[in-house]
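A short write-up of the structure that comes next.
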Amino acid sequence: MHISATRPLVLGLIVTALAGCGGGGSKATTPTPSASATATTSGAAAGGGEKLALQADKSRLKFNKSALSAKPGKVTIAMTNPSALQHNVAIEGNGVTAQGKIVGQGATSTVTANVKAGTYTFFCSVDGHRQAGMEGTLTVK
Ligand SMILES: [Cu+2]
Numbered sequence: 001m002h003i004s005a006t007r008p009l010v011l012g013l014i015v016t017a018l019a020g021c022g023g024g025g026s027k028a029t030t031p032t033p034s035a036s037a038t039a040t041t042s043g044a045a046a047g048g049g050e051k052l053a054l055q056a057d058k059s060r061l062k063f064n065k066s067a068l069s070a071k072p073g074k075v076t077i078a079m080t081n082p083s084a085l086q087h088n089v090a091i092e093g094n095g096v097t098a099q100g101k102i103v104g105q106g107a108t109s110t111v112t113a114n115v116k117a118g119t120y121t122f123f124c125s126v127d128g129h130r131q132a133g134m135e136g137t138l139t140v141k
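Just so we're aligned: the sequence shown equals residues 1 to 141 in my numbering.
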């Protein structure tokens, strides 16, 4: 009884304080800029780097590109798969090995790696596909 009687009073004081503050300078009381600034910073870090598009051939063991190029840093290859066969995209070279998940028709396999200047190979890591021709060169410079 004592607590429930106190709470409305405290809340009442806070509301009064906020209302007083807002009334004093409504333009000054906007904490939104700092919040959005933080979001922008983390968004830039997460979304940074290059995104390269690649597509598997609909019927053959090939990609639509045999060469890709990127600048040093974070690189993402997004491979769409219109084929009835399962495929993925992987990157290999200069100590980097990374592979996207194997996906079926209509899905996208994505691989991200931190690369420096040099030559890398992108390929499909499904058994036999790379050997059949599902590979290409990623040049970073
Ligand atoms: Cu494949």
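By construction, the Cβ of each residue, glycine as well, lies at the ideal position given by its N, Cα and C atoms.
Just so you know, these numbers come straight off a predicted model, no measurement behind them.
For Gln55, three-class secondary structure by DSSP: In the sequence shown, counting from the first residue as 1, residue 55 sits at position 55. Reduced to three states, the DSSP call for Gln55 is strand.
Glu135 vs Thr119 beta-carbon contact at 8 Å: What you label residue 135 is simply residue 135 of the sequence shown in a count that begins at 1. What you label residue 119 is simply residue 119 of the sequence shown in a count that begins at 1. In this structure, Thr119 does not lie closer than 8 Å to Glu135 by Cβ.
Chain-order list of residues whose beta-carbon lies under 8 Å from that of His144 (same chain, five-residue window excluded): The first residue shown for the chain is 1 and the last is 141, placing residue 144 beyond what the model contains.
Distance cut-off 7 Å: Val126 Cβ against heavy atoms of ligand 1: Start at 1 with the first residue of the sequence shown, and residue 126 comes out as number 126. Val126 Cβ: within cutoff of ligand 1.
Strand pairing of Met79, partner residues [DSSP]: Sequence index remark: in the sequence shown, residue 79 carries index 79 (1-based). For Met79, which the question treats as bridged, DSSP gives the partners Leu54, Ser109.
Leu54: CB within 7 Å of a non-hydrogen atom of ligand 1: Looking up residue 54 in the sequence shown gives position 54. No - ligand 1 has no heavy atom lying nearer than 7 Å to the Cβ of Leu54.
For Gly104, the residue or residues it bridges with in DSSP: Position 104 of the sequence shown, counted from the first residue, corresponds to residue 104. Partner(s): none; Gly104 has no beta bridge.
Where the alpha helix (DSSP H) through Ala132 begins and ends: Here residue 132 is taken as the residue at index 132 of the sequence shown, counted from 1. Taken as a continuous stretch (DSSP letters only), the alpha helix (DSSP H) holding Ala132 covers 129-132.
Spatial distance of Val115 from Lys65 (CA atoms): For the purposes of this step, residue 115 is taken as the residue at position 115 of the sequence shown. For the purposes of this step, residue 65 is taken as the residue at position 65 of the sequence shown. Approximately 19 Å between the Cα atoms of the pair.
Backbone CA spacing between Ala98 and Pro72 [nearest angstrom]: Here residue 98 corresponds to residue number 98 of the sequence shown, with the count starting at 1. Here residue 72 corresponds to residue number 72 of the sequence shown, with the count starting at 1. Their Cα atoms are separated by approximately 16 Å.
Heavy atom of ligand 1 within 7 Å of Met79 beta-carbon: Working through the sequence shown from its first residue, we reach residue 79 at position 79. No, ligand 1 has no heavy atom inside 7 Å of this Cβ.
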